[in-house]
Amino acid sequence: MLPLLAGVLAWLIPGAGHVYLGRAVRGVILCLCINALFWTGVAVGGVFTVEPVTQRWWFAAQMCTGASGLAAWYRQDRVRDRISASIDAPAPRRGRAGGAAWQREFTEAVIQDNLDLNYPSDTVARAYSGVAGMLNLMAIFDAVMLAGLGRVGEPPPQGKQPPPEEREK
Amino acid sequence: MIGWRLFVNPIELGVNHVWLVLPLCAVLAVVYKTIRVPHLRQLPLQVLTLWAYILLGLAGLGVAFFLLLEYVA
């Protein structure tokens with residue numbers, strides 16, 4: 000089992016690294032929980048929960064969810080482009096000061112056009128999606144370590160340990 | 000005005016958003032214990048125990064900070 004492949008799979012689809020290592024039940028539990036947490040965050044906060052310009056650290060955590068994070072980012076980019084094309088909105092700018100100024104101008108333009116699409120008013124949504132990414136980071140680390148140690152499949156049930164002569168081999 | 004769409008427009012939760020800490024802590028406990036427990040049979044009890052510990056810890060912190068603000072600061 001390749002640790003790198005386990006890590007990439009675990010990043011791309013949460014839990015896939017554990018499925019690759021023969022721990023299918025754990026993989027399914029991880030996949031359901033992490034994706035549900037991430038998409039609940041996006042549902043609560045809206046499409047701008049994933050915001051690479053002004054919320055870089057939250058964005059970095061969100062991208063640890065792999066395909067879900069990338070899909071939400073793609074959707075955010077599409078919605079922002081559509082809004083920018085329909086109103087007189089400024090182009091995004093990089094950097095902390097530029098990003099904050101751009102967010103202010105963009106929000107003002109959205110409010111002026113009476114669009115019902117606000118930035119999340121609190122950090123609950125970002126906490127949900129960011130924590131989902133951090134939890135997947137833990138799952139990625141576990142999958143890589145298990146693959147590196149060659150621990151494939153579930154450990155044997157308690158009381159059914161292999162005999163000592165087999166354990167010594 | 001564009002129509003409200005799930006995953007695009009935010010959901011207005013008001014003051015009730017504080018209750019979202021319960022599922023957040025539950026998922027945290029499930030994911031952590033799914034990785035940590037040696038045998039999956041132990042998972043439900045371990046998850047419930049960790050969930051209770053997290054919530055009690057948060058409640059304790061809340062009480063401690065409340066007392067700090069009320070009587071010390």
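Protein chains in written order, with numbering that gives the first Met the number 0: chain A, 0 to 168; chain B, 0 to 72. By construction, the Cβ of each residue, glycine as well, lies at the ideal position given by its N, Cα and C atoms. Model, not experiment: these values are computed from the prediction.
Given a cut-off of 7 angstroms, decide if residue j and residue i are closer than it, judged by their beta-carbon atoms.
{"i": "Phe47(A)", "j": "Ser67(A)", "result": "no"}
{"i": "Ala124(A)", "j": "Gly26(A)", "result": "no"}
{"i": "Ala9(A)", "j": "Ala142(A)", "result": "yes"}
{"i": "Val46(B)", "j": "Ala28(B)", "result": "yes"}
{"i": "Pro154(A)", "j": "Pro9(B)", "result": "no"}
{"i": "Gly16(A)", "j": "Ala5(A)", "result": "yes"}
{"i": "Tyr127(A)", "j": "Thr39(A)", "result": "yes"}
{"i": "Val26(B)", "j": "Cys32(A)", "result": "yes"}
{"i": "Leu44(B)", "j": "Lys32(B)", "result": "no"}
Could you tell me the distance, in whole angstroms, from the CA atom of residue i to the CA atom of residue j?
{"i": "Met137(A)", "j": "Ala146(A)", "result": "14 angstroms"}
{"i": "Leu69(A)", "j": "Pro13(A)", "result": "13 angstroms"}
{"i": "Gln54(A)", "j": "Ala60(A)", "result": "10 angstroms"}
{"i": "Met0(B)", "j": "Gly61(B)", "result": "Because Met0(B) sits at a pLDDT of 44, beneath the cut-off of 50, its placement in the model cannot be relied upon, and the point is left open."}
{"i": "Leu49(B)", "j": "Val41(A)", "result": "26 angstroms"}
{"i": "Pro51(A)", "j": "Phe58(A)", "result": "5 angstroms"}
DSSP state of residue i, grouped into three classes?
{"i": "Trp3(B)", "result": "coil"}
{"i": "Ile82(A)", "result": "helix"}
{"i": "Gln102(A)", "result": "helix"}
{"i": "Ala58(B)", "result": "helix"}
{"i": "Pro154(A)", "result": "coil"}
{"i": "His17(A)", "result": "helix"}
{"i": "Arg74(A)", "result": "helix"}
{"i": "Ile10(B)", "result": "coil"}
Counting only beta-carbon separations shorter than 7 angstroms, does residue i have a partner in chain C?
{"i": "Phe6(B)", "result": "No chain C appears in the structure shown, which is made up of the protein chains A and B."}
Using a beta-carbon distance cut-off of less than 8 angstroms, what residues from the segment 12-34 of chain B approach chain A?
Leu12, His16, Leu19, Pro22, Leu23, Val26, Leu27, Val29, Val30, Tyr31, Thr33, Ile34
(request) Could you run through the segment 34-59 of chain B and flag, in chain order, every residue whose CB is less than 7 angstroms away from some CB of chain A? (result) Ile34, Pro37, His38, Leu39
Taking only beta carbons into account, state which residues of the segment 10-37 of chain A come closer than 8 angstroms to chain B, listed in chain order. Val24, Arg25, Ile28, Leu29, Cys32, Ile33, Ala35, Leu36
Taking any Cβ of chain B, which residues in the segment 131-144 of chain A have a Cβ under 7 angstroms from it, in chain order? Leu134, Met137, Ala138, Asp141
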